[in-house]
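Let me begin by presenting the structure, written as structure tokens, before commenting on it.
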Amino acid sequence: MAMAQAGSQELLDLWTKQMEEGSETWLRMLRQGLLTDPQAFWRAFMDQGAAAWSALLTQASPSPDLSGQWKPFLDQWLAAWSRVFEQAMGTEAFAQVMGKQLETFLNAGGPMQKAAEQQIETGLAGLGLPSRTQVIGLAQQIIGLEEKVDRLEDRLDAVLKQLKELAAARPAPA
Amino acid sequence: MSDEHDTTGARERPDLSAEMVARIAEETRRNLLRLKHLNEMVLDPADPEVGLTPREEIYRKNKARLWRYQSARTRRTPLLFVPNLGISRPYIFDLMPRASFIEYMTGQGFDFYLLDWGVFGPEDNGFTFEDAVTKILPRMARKALESSGAEEMSVLGYCMGAPLSACFVTTHLDFPLKNYIDMAGPIDFAHVGMFGRWLDARYFDVDRFVDTLGSIPADMVKLGFKLLKPTMDLSTNANLWWNLWNREYVAGFRALNKWANEYLPFPGEFFRQWVKEFYQQNKLVKGELVMGGRPVKLSNITCPVLAVGAREDNIAPPACVKALVELVGGRDKEYVELPGGHISLIAGRGAAAHCWPKVASWLAARS
Numbered sequence: 740m741a742m743a744q745a746g747s748q749e750l751l752d753l754w755t756k757q758m759e760e761g762s763e764t765w766l767r768m769l770r771q772g773l774l775t776d777p778q779a780f781w782r783a784f785m786d787q788g789a790a791a792w793s794a795l796l797t798q799a800s801p802s803p804d805l806s807g808q809w810k811p812f813l814d815q816w817l818a819a820w821s822r823v824f825e826q827a828m829g830t831e832a833f834a835q836v837m838g839k840q841l842e843t844f845l846n847a848g849g850p851m852q853k854a855a856e857q858q859i860e861t862g863l864a865g866l867g868l869p870s871r872t873q874v875i876g877l878a879q880q881i882i883g884l885e886e887k888v889d890r891l892e893d894r895l896d897a898v899l900k901q902l903k904e905l906a907a908a909r910p911a912p913a
Numbered sequence: 043m044s045d046e047h048d049t050t051g052a053r054e055r056p057d058l059s060a061e062m063v064a065r066i067a068e069e070t071r072r073n074l075l076r077l078k079h080l081n082e083m084v085l086d087p088a089d090p091e092v093g094l095t096p097r098e099e100i101y102r103k104n105k106a107r108l109w110r111y112q113s114a115r116t117r118r119t120p121l122l123f124v125p126n127l128g129i130s131r132p133y134i135f136d137l138m139p140r141a142s143f144i145e146y147m148t149g150q151g152f153d154f155y156l157l158d159w160g161v162f163g164p165e166d167n168g169f170t171f172e173d174a175v176t177k178i179l180p181r182m183a184r185k186a187l188e189s190s191g192a193e194e195m196s197v198l199g200y201c202m203g204a205p206l207s208a209c210f211v212t213t214h215l216d217f218p219l220k221n222y223i224d225m226a227g228p229i230d231f232a233h234v235g236m237f238g239r240w241l242d243a244r245y246f247d248v249d250r251f252v253d254t255l256g257s258i259p260a261d262m263v264k265l266g267f268k269l270l271k272p273t274m275d276l277s278t279n280a281n282l283w284w285n286l287w288n289r290e291y292v293a294g295f296r297a298l299n300k301w302a303n304e305y306l307p308f309p310g311e312f313f314r315q316w317v318k319e320f321y322q323q324n325k326l327v328k329g330e331l332v333m334g335g336r337p338v339k340l341s342n343i344t345c346p347v348l349a350v351g352a353r354e355d356n357i358a359p360p361a362c363v364k365a366l367v368e369l370v371g372g373r374d375k376e377y378v379e380l381p382g383g384h385i386s387l388i389a390g391r392g393a394a395a396h397c398w399p400k401v402a403s404w405l406a407a408r409s
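As given, the protein sequences belong to chains A and B, one line each in that order.
Just so you know, we're using the numbering used here here: the first sequence kicks off at 740 and counts up by one.
Just so you know, we're using the numbering used here here: the second sequence kicks off at 43 and counts up by one.
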């Protein structure tokens, strides 16, 4: 049992060290702007990970307690990945890339969305059904009406409050 | 007797001790239970029941609802809970029996009111942060006060609900505020972490975003939150498999999973103001915010204040939350940092052990 645990710990320690070294290298390259092609990076990262994995499996001691080894190994692996992602995604470079991706999405998505909406409106008009714009307009009118009722309610409350204050201030009849 | 003639198999083999045999037997039993429960989950994907603490609707305005929860009401001062607008459903605070912040607080005798902002549609795209603060919150707070019959009220803002409620109480000084609690609510957006970086005005054109999309779709909101922790789904599923033999775990998982995949859209103009004035310009902490023509000054909060930060929160990191106690005007103010993340601070086993008792005891002493 102790041997199995020692074997697992050895594996985990080696793996964690590999992940930390790999992520440091990656971040250094990202900061230096050496990685303009994210796909090229990920391919190298996965290749390094696979090489490290096979080296570890040949080095580590075997154990029959597979599931007991598997879970903490997976937890550590996920925690290491999580740290790597956190560090990478917290960089200015990533924010810049994400901003550019969103811009691309809006450039393509905006006109497509408008075209789709136009087609739907035309289709609905052809079928004699109310359009999306009309339904939204109706909902907005209802919201507007509710606002007006609220304002009336507020005025009524204010008037009632004043009447109560007046009644309270009036001296009691002798 | 020599080893060669031992036919009973009772002799212990050095590589398969009795303990190891027992472990393998237990693991086999668990694997069978895992398959059984997985089968049940697949064949019976019924929606789990959530939000079961009894309540009644006190008031509604547009999509928003004010709920009052059943309670012995032994504490004199009622509590108004203001959660985040959009993003996710508020039943996370009342997920399941014995796993519910609301059930806990009502069990402690608090007269508990929840403001459920509701699900906004395209007709609400013109709804702004300012509208939430000046039109909905004051009315809901007043209705809660009237319904309770109390003279004062405590307010608890969770996540975005904290800046929302803080803006309300600082611009409506006639509201009889007894105590104020900020739970994982971002105040100083200079320390807001990854979201702050991604929403930086240099990289994120919020005007173009809102003008193109109208409202921010729920899928986009979901993507943003999933990106904060890309390995979350993997670890969730790994943990699910590992604990799938445990029926109680499975029930809890199904409820939490339902919530975790139910995102809500943002009204466009609300998102625009939220990103510009809070994330990009950090106006709240600088004292430059104006709501309904009134300046938002956190120093106007002079009642007792409790700010609760979560140690592993990557949405409202501790430094972002702690700023509140440095800016409020009262003397009775406390910042406490508890273990957990943004959600696990208020929902889960850790919350029941740390956050709920702390909040309840702090409030009870001042109610």
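Glycine included, C-beta positions come from ideal geometry on N, C-alpha and C.
By alpha-carbon positions, which one of the options ends up nearest to residue i?
| i | options | result |
| --- | --- | --- |
| L270(B) | Q826(A), K756(A), W816(A) and W809(A) | Q826(A) |
| T344(B) | S142(B), L215(B) and S130(B) | L215(B) |
| H396(B) | T95(B), Y146(B), L80(B) and R97(B) | Y146(B) |
| R822(A) | F267(B), M274(B) and A186(B) | M274(B) |
| E379(B) | E354(B), A208(B) and A389(B) | E354(B) |
| L282(B) | R65(B), V63(B), H79(B) and E69(B) | H79(B) |
| G335(B) | T116(B), T212(B) and V317(B) | T212(B) |
| R314(B) | F154(B), E82(B) and F169(B) | F169(B) |
| I388(B) | P125(B), F231(B) and S189(B) | P125(B) |
| T148(B) | Q112(B), G266(B) and A67(B) | Q112(B) |
| E193(B) | L121(B), A60(B) and E69(B) | L121(B) |
| L286(B) | G351(B), K264(B) and R76(B) | R76(B) |
| V836(A) | A141(B), S59(B) and R244(B) | R244(B) |
| D136(B) | A297(B), E330(B), S409(B) and F312(B) | A297(B) |
| I144(B) | N303(B), A407(B) and P399(B) | P399(B) |
| D153(B) | R184(B), L127(B), S189(B) and G160(B) | S189(B) |
| R97(B) | W109(B), N104(B) and A393(B) | W109(B) |
| A406(B) | R117(B), M62(B) and A60(B) | R117(B) |
| L813(A) | A280(B), E304(B) and G371(B) | A280(B) |
Give me the chain B residues within the contact set of residue i, using Cβ-Cβ distance strictly less than 9 Å, ordered along the chain.
| i | result |
| --- | --- |
| S821(A) | K271, P272, T273, M274 and S277 |
| E885(A) | K103 and N104 |
| A878(A) | G163, P164, E165 and D166 |
Mapping DSSP to helix, strand and coil, what is residue i?
| i | result |
| --- | --- |
| W159(B) | coil |
| I223(B) | strand |
| D893(A) | helix |
| L306(B) | strand |
| A819(A) | helix |
| M422(B) | In the structure as shown, chain B starts at 43 and stops at 409, and residue 422(B) therefore has no counterpart that could be examined. |
| A192(B) | coil |
| I258(B) | strand |
| W287(B) | coil |
| A349(B) | strand |
| Y133(B) | helix |
| L380(B) | strand |
| K375(B) | strand |
| G849(A) | helix |
| D275(B) | helix |
| S409(B) | coil |
| R53(B) | Unreliable positioning characterises R53(B) in this predicted model, as indicated by a pLDDT of 49, which lies under 50. A coordinate reading is not provided. |
Got a sec: does the ligand HEM put a non-hydrogen atom nearer than 6 Å to the Cβ of residue i?
| i | result |
| --- | --- |
| G266(B) | In the structure on display, the ligand HEM does not appear, and there are no ligands present to speak of. |
Less than 8 Å between the CB atoms is what I'm expecting for residue i and residue j, so what's the real figure, rounded?
| i | j | result |
| --- | --- | --- |
| C209(B) | V175(B) | 5 Å |
| P307(B) | S257(B) | 5 Å |
| Y101(B) | M182(B) | 7 Å |
| G235(B) | G203(B) | With a Cβ gap of about 18 Å, G235(B) and G203(B) do not count as contacting. |
| L198(B) | F320(B) | Their Cβ separation, rounded to whole angstroms, is 19 Å, which puts L198(B) and F320(B) out of contact at 8 Å. |
| K300(B) | P346(B) | With a Cβ gap of about 36 Å, K300(B) and P346(B) do not count as contacting. |
Determine the chain B residues that contact residue i at a beta-carbon separation under 7 Å, and present them in chain order.
| i | result |
| --- | --- |
| K810(A) | W284 |
| A855(A) | Simply none; closest approach about 13 Å. |
Going by DSSP, what residues sit across from residue i in a beta bridge?
| i | result |
| --- | --- |
| A141(B) | M138(B) |
| F217(B) | Its beta-bridge partners do not exist; DSSP assigns none. |
| G465(B) | For chain B, the structure presents residues 43 to 409; residue 465(B) sits outside this window and is missing. |
| Y146(B) | Bridge partners of Y146(B): none, in fact. |
| G199(B) | V124(B) and D224(B) |
| L108(B) | Y101(B) and L157(B) |
Residues of chain A with CB closer than 9 Å to the CB of residue i, please, in chain order.
| i | result |
| --- | --- |
| K78(B) | Those do not exist, as K78(B) stays about 17 Å from chain A at its closest Cβ, beyond 9 Å. |
| R391(B) | By Cβ distance, chain A contributes nothing, its closest Cβ being about 18 Å from R391(B), past 9 Å. |
| A114(B) | In chain order: nothing, as chain A lies at least about 31 Å away. |
Check the Cβ of residue i against every Cβ in chain A and list those closer than 7 Å, keeping chain order.
| i | result |
| --- | --- |
| P164(B) | I875 |
| R250(B) | L845 |
| M236(B) | M828 and G829 |
| F135(B) | Simply none; closest approach about 26 Å. |
| D242(B) | A834 |
Closer than 8 Å by beta-carbon distance: list the chain B residues that pair up with residue i, in chain order.
| i | result |
| --- | --- |
| I882(A) | N104, E165 and D166 |
Give me the chain A residues within the contact set of residue i, using Cβ-Cβ distance strictly less than 8 Å, ordered along the chain.
| i | result |
| --- | --- |
| A280(B) | K810, L813, D814 and L817 |
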